[in-house]
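What follows is a single structure, written as structure tokens, with notes after it.
Residue numbers (our numbering): -14 to 175.
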């Protein structure tokens, strides 16, 4: 200590946490060039130091609480922002996936539609090449005349009463065959 300087020693514990007890007064020494200091001045200095330390602790505590609240609010704001960004990203990805799925589904439907159209066209062409029984609409294997065919002799004989007026087979052969056998025999398709 230098002469003429007022020196105050503090008891400091654990990261600037000053313990304020009656022992603090004992730890403090006031020296002014070896002259005794009036007890009243010494108490005023101790009271002033207590006031400053109390004010320091209160201000520090208030600042720490405000900082903690600010950091907590920033954390919550950041979490909300991240949540909103993730939600927006999820919505965009969901919409993109939905559009891609719909496009793929539409493409699949078009392919299936084309396959069915081709299949239908082939079946229709096949169907047009076949002849059908005039009586029961089954596939005909017996041909009578230019546009009349039957699937069986039974169908031909059952339909003969209405068909004979319009039959285009050679009339001469039919008359002979009818006289001998009844209705004309159907010829199988060749």
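Backbone N, C-alpha and C fix where the C-beta goes; we use that ideal spot for every residue, glycine too.
Residue j beta carbon less than 9 Å from that of residue i
i	j	result
residue 119	residue 148	yes
residue 113	residue 125	no
residue 121	residue 152	no
residue 141	residue 127	yes
Per-residue DSSP class, three states only, for residue i
i	result
residue 134	strand
residue 140	helix
residue 145	helix
residue 119	coil
residue 129	strand
residue 154	coil
Span of the alpha helix (DSSP H) around residue i
i	result
residue 48	24 to 114
Nonlocal neighbours in the same chain, by C-beta distance under 7 Å from residue i, ignoring five residues either side
i	result
residue 65	none
residue 88	none
Contact set for residue i: own chain, Cβ-Cβ below 8 Å, skip 5 residues either direction
i	result
residue 143	120
residue 44	none
Own chain residues within Cβ distance below 6 Å of residue i, not counting five before or after
i	result
residue 123	136
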